[in-house]
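Step one of this worksheet: look at the structure below.
Number of protein chains: 4
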Amino acid sequence: MYSFKNDYAEGAHPKILRKLVETNSVQQVGYGEDDYSVEAKGILRQKIQNPDAAIYFVSGGTQTNLIVISSLLRPHEAIISAKTGHIYANEAGAIEATGHRIITVETEDGKLKPDDIENILQTYSHRPHVVKPKLVYISNSTEIGTIYTKSEMERLSNYCKSNDLYLFLDGARLGQALTAKNNDLTLSDISHYTDVFYIGGTKNGALLGEAIIFNRIHHATDFDYMLKQKGALLAKGRLLGIQFLELFRDDLYFSLAKHGNEMAMKIAYAIEAQGYSFLTPPHTNQIFPILPKAVIRELLRQYDFYEWKAVDEQYAVVRIITSWATEENKVDAFIDSLKGVTS
Amino acid sequence: MYSFKNDYAEGAHPKILRKLVETNSVQQVGYGEDDYSVEAKGILRQKIQNPDAAIYFVSGGTQTNLIVISSLLRPHEAIISAKTGHIYANEAGAIEATGHRIITVETEDGKLKPDDIENILQTYSHRPHVVKPKLVYISNSTEIGTIYTKSEMERLSNYCKSNDLYLFLDGARLGQALTAKNNDLTLSDISHYTDVFYIGGTKNGALLGEAIIFNRIHHATDFDYMLKQKGALLAKGRLLGIQFLELFRDDLYFSLAKHGNEMAMKIAYAIEAQGYSFLTPPHTNQIFPILPKAVIRELLRQYDFYEWKAVDEQYAVVRIITSWATEENKVDAFIDSLKGVTS
Amino acid sequence: MYSFKNDYAEGAHPKILRKLVETNSVQQVGYGEDDYSVEAKGILRQKIQNPDAAIYFVSGGTQTNLIVISSLLRPHEAIISAKTGHIYANEAGAIEATGHRIITVETEDGKLKPDDIENILQTYSHRPHVVKPKLVYISNSTEIGTIYTKSEMERLSNYCKSNDLYLFLDGARLGQALTAKNNDLTLSDISHYTDVFYIGGTKNGALLGEAIIFNRIHHATDFDYMLKQKGALLAKGRLLGIQFLELFRDDLYFSLAKHGNEMAMKIAYAIEAQGYSFLTPPHTNQIFPILPKAVIRELLRQYDFYEWKAVDEQYAVVRIITSWATEENKVDAFIDSLKGVTS
Amino acid sequence: MYSFKNDYAEGAHPKILRKLVETNSVQQVGYGEDDYSVEAKGILRQKIQNPDAAIYFVSGGTQTNLIVISSLLRPHEAIISAKTGHIYANEAGAIEATGHRIITVETEDGKLKPDDIENILQTYSHRPHVVKPKLVYISNSTEIGTIYTKSEMERLSNYCKSNDLYLFLDGARLGQALTAKNNDLTLSDISHYTDVFYIGGTKNGALLGEAIIFNRIHHATDFDYMLKQKGALLAKGRLLGIQFLELFRDDLYFSLAKHGNEMAMKIAYAIEAQGYSFLTPPHTNQIFPILPKAVIRELLRQYDFYEWKAVDEQYAVVRIITSWATEENKVDAFIDSLKGVTS
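Chains as they are written, first to last, in the numbering used here: chain A, 12 to 354; chain B, 12 to 354; chain C, 12 to 354; chain D, 12 to 354.
Below, the structure written as structure tokens:
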């Protein structure tokens, strides 16, 4: 039973493990002040072309989201997010647990536009009886596989600046977004257009680890305290530093993401060729084909993947995810199975 | 300029003020242990026919909602509310500030039905990646003037019991609900069908004050600590006790609410007679007529009321509120003005 | 049985009740925007000689403390307080419930000195493994009846400014402090030396109510949201405005406090004349004589007061509190009783 | 420059890295449901002789402490801890940030006794004006290197049971405690005497990882939600499972701890032989010798360790820590240096 259920079913890319073994006995100071973390941050600052960025490594995405958001906001300030946003749909109320409302927007494609935010601002104007929207949360790629274009990002960024809103980008799958075929954004663009974002390691080849990047250093004031207070400061911070060093020293991060995307697109083309459509256009390593329930049942005998939601009596959306670790022969076998059950 | 904007524009019913003056120099112990509070609670326990209820007096509705809810829930538990619910629409994120998500339901009439809740429970089933719905919040009368029938309350109550959900009723305007013409619920029914509810004083003749009633005493364990911790325990608790004593000793509470309702219904009939319709059927002291914008503009020259929302280019919903203090001659004058501007 | 147990055993000063009755039927807008509140704030700004101060009225001291502190601090910031401070000793963890540690200092007299704070700053220097001390909380008069001198306040204020610490003064009994015989501070001095303070009404003649004063307006940014979110914004804000109006229009506030102090001092002299000493020197309306346990037992048959703590087998400290409402003939009777049992 | 500053300066024990490499490409389900985690939990349940224990793996100690404590306590409940306790002294207010006060006890040896707790309960009896002590937090070994005896644990456990208090043991260095020469406790005793405890991996050979053990399963109700909500649920939970599997499959955990203790004791004997004393008797891998400041200065030229606190003009306490990774020849060299500078 091969799994297309998520992009964290395997361990880490072998280069990362090799480096962990190599450096294992070197003594290092703790809590993220180790040489590897320092070096990795230097490389990231170059990649984003922002020598002043404040960078921190933490274990996971939910942790990142809750710490960044609770660090930036005062008690009465709220977040605007697509209803599909990870912070709303998948994090067990982590943000609300820090005291803040998430105001959601229904979207087709998981992306926020200035108009969506404008509507929220108007709805939340009856001060002080309502919360104050203050931070816009977006994901790239989104939780339903779509990506932002450069012009979309630019407009969103300008809108946020004009309205005194923070723009925070969840990059749990940022590699996959930036290596999608129709992408026109660079890592440095992401840094330019957002106030703070993170680069996800866990879903792209690391054992664990996300790199939080504050593009304006004053937004990171005292952020080290926040990490410690929320239990996110690893004693052996080297574990995170070494991984980001390996991922970004030679752009391994992007080649891993590209592989994941290619595997997904290969499946997407095959599905399309069988005449099926998709919930959202397939571009990254998460695709959402709409298949007959009978076909889904058959495929689930040999492959593991997530049944996203029913469409009607006959059809349902499924989510198929590939990753840096997906083997092409497994993809080919899946395509063969698909052809088998649909013909 | 006479105001129909809310039901807290005046002070308190004169009987209350008289009693405050009368008792002023009697020494009492503080923090809600005074004789007046004790007596008022005794009367309330009789009225609800539940000698075991745990009762507490606090200053206001938002305070009540946040303390009751945060006392009952563990960190991962969430609230289900109509989107118009006061806790979602009017309390500046007070509930989220205690760490809990409010899951909202779009409704026509501001009321929750078992099906609404069933849908939420299904959506929130992917444990532990989502919050756990645990408390159902309803208001009676609702924020848009509607009321629950006995059979609606019974079904909701049964559904909550079967699904291990708390049922909490916000009674900021409970008097108005229970004295509406089409009401078939009693105060004792409310106590029977809910786990916890409150009786609003502020919007029905008190200077301030709400009576929180836990129908099952174990739900109130250590609730005194909660009140103190949230800053809700008044040193001179007598101020609240005396008011509830006056309001419930001879059912003044209900006669005040009835007056408010009658004043609103008089206006509602007049509006209906002019051929206008309503956002929700008018039953209590809050009515929501849909009027031509030109008519609204004219009326606003002489009367203060709240423009609720636009319907289209020509029409808008307004909210007109009456209260225990509304003078009938002002109502008559308003009706005359209405007739004047619409003919 | 006459009570010297606290200064909130009676209702409100008759002038306040009279004004409540007088203004009762005047319609006012809600939530603190009423004319009375506006006028009262104007008078207070004159008294403190700071036309730019931001002023808010709330119900009680614990509420004030928790809202002011949680509004000013970021999550990792902490408070420094005397161990006898009300926020540490009497508020059921209200401050910690907003997420902040209170770092305590053992004192003889309930007052903080720059050296105490300096010690704390040194102890809490191992960033980011410790909290960051950021706000100094003091009370005047203190919880054990002592008061700050002008030079003490000045040194504390300078120290806080130099070390980027907020100075917050709890004035639950500020009237009593400023009318003590040995006091050399004015209300305007208090405003000058602190960042934020409050003037307590509940313990000096009001039914309830404290006036929060931010001396620098930017510290109050969005404070209206905080009040609403914590359930502190009364619908009938007029109740607070009217009371402060009466208390400060003609300095009633100070004459009431003076009376309370004089009653306490009369008792203190009598106790001293009997040869007894005190936990702290008696200056305000709270005195802490050290009496033989047998004497205490006898006095408790006729009077209610608080047994503070045992000193040894034979002696204990008691707390005797007088107020604006204390009748001189009751004080005289108490003194007679004291003489009776000690001779 | 060799470091004796902490027990997390190196990576992980080579067996752990080997297993990570070996299992790397095996697909596993995420979020702690992987086969390795399941197997490791089974082994731990056997070791503690409690087949019903609920076990969870998380990244670090602060995270563990804050999630366990906030999961067990209601808002008004407080923790009792030694002032040296990690939650009070080293976690940036992580516990208070979840809303709870830590009530501290001054101790000589970092350990709590029933009398200490009894005193606290008496001090905190003025309900509801104070918090309610509900959880006793202890560490074994303590933050100053001492350990609990079986009879101490038994008395503490009985006292907590009798007073309806949770007993929570921080076992960040539990291996070191249980392999100390004078220890008479077993892992199964720890499970028997506490309500919940954790076994620290980070400070004893793991890259990261602590095993939280609830000895009574009802205390763990919905704990999975808590982990997710606080950002502690690793997508690749296998990383934690594999490490605990390796550490406990053949008692590697205890042999690593024993090595660390032996290295520390070797240094301790040498220090003692030079005539120096200690802050606390040396038993585990953390020792606190009191050395002349001149000696400290000399040693710091070649070795890194932590200056704990000054004793007087001439002497200071230092903290020397060894670990599973400490090389004996480095220990010998340090002893030689010590002899050199002190003779």
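Cβ atoms here follow ideal geometry from the backbone N, Cα and C, with glycine treated the same way.
Within-8 Å CB hit, ALA108 of chain C to chain D: In the third sequence, counting from the first residue as 1, residue 108 of chain C sits at position 97. With 8 Å as the cut-off, ALA108 of chain C counts as an interface residue toward chain D.
With 8 Å as the threshold, decide whether the Cβ of GLY72 of chain B is near any Cβ in chain A. In the second sequence, counting from the first residue as 1, residue 72 of chain B sits at position 61. No, GLY72 of chain B does not count as interfacial toward chain A.
Opposing strand residues paired with LEU185 of chain A [DSSP bridges]: Position 174 of the first sequence, counted from the start, is the residue given in the question as residue 185 of chain A. According to DSSP, LEU185 of chain A bridges with nothing at all.
Contact residues within the segment 128-154 of chain D, judged by C-beta distance below 8 Å to chain B: ARG138, PRO139, HIS140, VAL142, LYS143
For GLN369 of chain A, three-class secondary structure by DSSP: Since the first and last residues shown for chain A are 12 and 354, residue 369 of chain A lies out of range.
Amino acids of chain C, ordered along the chain, whose beta-carbon sits closer than 7 Å to that of GLN38 of chain A: Position 27 of the first sequence, counting from 1, holds the residue named residue 38 of chain A. Result: empty, since nearest Cβ-Cβ is about 20 Å, beyond 7 Å.
Would the segment 305-315 of chain A count as touching the segment 26-41 of chain B if we require 3 or more Cβ pairs under 8 Å? no
What do you reckon, are the CB atoms on LEU349 of chain D and LEU311 of chain D nearer than 8 Å? Taking the fourth sequence and counting its residues from 1, the one referred to as residue 349 of chain D is at position 338. Taking the fourth sequence and counting its residues from 1, the one referred to as residue 311 of chain D is at position 300. In this structure, LEU311 of chain D does not lie closer than 8 Å to LEU349 of chain D by Cβ.
When we look at the beta-carbon of LYS214 of chain C and count the other beta-carbons within 10 Å, is it buried (16 or more) or exposed? Position 203 of the third sequence, counted from the start, is the residue given in the question as residue 214 of chain C. Under this definition LYS214 of chain C is a buried residue.
What's the C-alpha gap between LEU84 of chain C and ARG330 of chain C? Taking the third sequence and counting its residues from 1, one reaches residue 84 of chain C at position 73. Taking the third sequence and counting its residues from 1, one reaches residue 330 of chain C at position 319. If you take the alpha carbons of LEU84 of chain C and ARG330 of chain C, they lie about 34 Å apart.
By the DSSP assignment, the beta strand (DSSP E) with GLU211 of chain B in it spans what residues? Working through the second sequence from its first residue, we reach residue 211 of chain B at position 200. According to the sequence shown, residue 211 of chain B is Gly rather than Glu. Here the beta strand (DSSP E) through GLY211 of chain B covers 207-211.
Measuring CB to CB, does VAL116 of chain C end up less than 8 Å from PHE179 of chain C? Taking the third sequence and counting its residues from 1, one reaches residue 116 of chain C at position 105. Taking the third sequence and counting its residues from 1, one reaches residue 179 of chain C at position 168. Contact: no.
For GLN285 of chain C, which residues in chain A fall below 9 Å Cβ to Cβ? The count along the third sequence starts at 1 and reaches residue 285 of chain C at position 274. Simply none; closest approach about 52 Å.
Determine the extent of the alpha helix (DSSP H) in which LYS143 of chain A is found, giving its start and end residues. Residue mapping note: residue 143 of chain A aligns to position 132 of the first sequence, counting from 1. Note, LYS143 of chain A: premise wrong, no alpha helix (DSSP H); beta strand (DSSP E) at 143-150.
Skipping 5 residues on each side, what residues in its chain have a beta carbon closer than 8 Å to that of TYR135 of chain B? Along the second sequence, read from residue 1 onward, the residue named residue 135 of chain B stands at position 124. Answer for TYR135 of chain B: ALA89, ILE114, VAL141, VAL142, LYS143, PRO144, listed in chain order.
Across which residues does DSSP place ALA365 of chain A in a beta bridge pair? In the structure as shown, chain A begins at 12 and stops at 354. Residue 365 of chain A is therefore absent and cannot be evaluated.
When you compare the CB of PRO292 of chain C with every CB in chain D, is at least one pair closer than 8 Å? Locating residue 292 of chain C in the third sequence gives position 281, where the first residue counts as 1. Not an interface residue.
Can you tell me whether ILE278 of chain C is buried or exposed, with buried defined as 16 or more other CB within 10 angstroms of its CB? As a position in the third sequence, residue 278 of chain C is number 267, starting the count at 1. Buried: at least 16 other Cβ atoms inside 10 Å.
Under the rule that 16 or more other beta-carbon atoms within 10 Å means buried, what is PRO62 of chain C, buried or exposed? Within the third sequence, residue 62 of chain C is the residue found at index 51, counting from 1. Exposed.
Count the other CB atoms within 10 Å of the CB of ALA246 of chain A; is the residue buried (16 or more) or exposed (fewer)? Residue numbering aside, residue 246 of chain A sits at position 235 when the first sequence is read from its first letter. With 16 or more Cβ atoms within 10 Å of its Cβ, ALA246 of chain A is classed as buried.
Nearest residue (CA-CA) to TYR19 of chain B, options C:LEU146, C:GLU33, C:VAL32, C:GLN39: Counting from 1 along the second sequence, the entry for residue 19 of chain B is found at position 8. Among C:LEU146, C:GLU33, C:VAL32, C:GLN39, the Cα nearest to that of TYR19 of chain B belongs to C:GLN39.
Neighbourhood of LEU290 of chain D by C-beta, 6 Å cutoff - its chain only, sequence neighbours within 5 removed: As a position in the fourth sequence, residue 290 of chain D is number 279, starting the count at 1. Within the same chain, LEU290 of chain D has close Cβ partners PHE299, VAL328.
Residue burial classification, ALA321 of chain A (beta-carbon count within 10 angstroms, cutoff 16): As a working note, residue 321 of chain A is residue 310 in the first sequence. Under this definition ALA321 of chain A is an exposed residue.
C-alpha gap between GLU338 of chain C and ILE253 of chain B, whole angstroms: For the purposes of this step, residue 338 of chain C is taken as the residue at position 327 of the third sequence. For the purposes of this step, residue 253 of chain B is taken as the residue at position 242 of the second sequence. Rounded to whole angstroms, GLU338 of chain C to ILE253 of chain B spans 24 Å at the Cα level.
What residues from the segment 228-256 of chain A come within 8 Å of chain D, judged by C-beta to C-beta, listed N to C? TYR236, LYS239, GLN240, LYS241, GLY242, ALA243, LEU244, LEU245, ALA246, LYS247, ARG249, LEU250
Within 8 Å of any Cβ in chain B, is that where the Cβ of GLU44 of chain C sits? The residue labelled residue 44 of chain C in the question sits at position 33 within the third sequence. By this cut-off, GLU44 of chain C is not an interface position.
What does ARG85 of chain B touch in chain D if you count any residue whose Cβ is under 8 Å from its own? Along the second sequence, one-based indexing puts residue 85 of chain B at 74. Ordered by position in chain D, the residues that pass the 8 Å Cβ test against ARG85 of chain B are SER82, ASP233.
Tell me where the alpha helix (DSSP H) around SER36 of chain D begins and ends. Residue 36 of chain D sits at position 25 when you count from the first residue of the fourth sequence. That residue, SER36 of chain D, is in no alpha helix (DSSP H); it is neither H nor E in DSSP.
Taking only the alpha-carbon atoms, compute the straight-line gap between GLU318 of chain B and GLY96 of chain A and give it to the nearest angstrom. Counted from its first residue, the second sequence places residue 318 of chain B at position 307. Counted from its first residue, the first sequence places residue 96 of chain A at position 85. Spanning the two alpha carbons is a distance of roughly 33 Å.
With distances taken from CA atoms, which of C:TYR287, C:ASP261, C:LEU146 is nearest ASN76 of chain C? Taking the third sequence and counting its residues from 1, the one referred to as residue 76 of chain C is at position 65. Of the listed residues, the one whose Cα sits closest to ASN76 of chain C is C:LEU146.
GLU318 of chain B CB to nearest chain C CB: under 8 Å? Position 307 of the second sequence, counted from the first residue, corresponds to residue 318 of chain B. False, the Cβ-Cβ gap to chain C never drops below 8 Å.
Cutoff 6 Å; reference GLY43 of chain B; Cβ partners in own chain excluding five residues on either side: Translated into the one-based positions of the second sequence, residue 43 of chain B becomes position 32. Closer than 6 Å at the Cβ level, and outside the excluded window around GLY43 of chain B, lie GLY248.
Touching or not, the segment 44-54 of chain B and the segment 208-227 of chain C, by the rule of three or more beta carbon pairs under 8 Å? no
Residues of chain D with CB closer than 7 Å to the CB of THR213 of chain A, please, in chain order. As a first step, residue 213 of chain A is located in the first sequence; it is residue number 202 there, counting from the start. Going along chain D in sequence order, the residues near THR213 of chain A (Cβ under 7 Å) are ALA246, LYS247.
Who pairs with ASP315 of chain A in a beta bridge, going by DSSP? Here residue 315 of chain A refers to the residue found at position 304 of the first sequence. ASP315 of chain A pairs with A:SER14.
Closer than 7 Å: LEU196 of chain D CB and nearest the ligand MG heavy atom: With respect to small molecules bound, the structure shown includes none, and the ligand MG cannot be examined in it.
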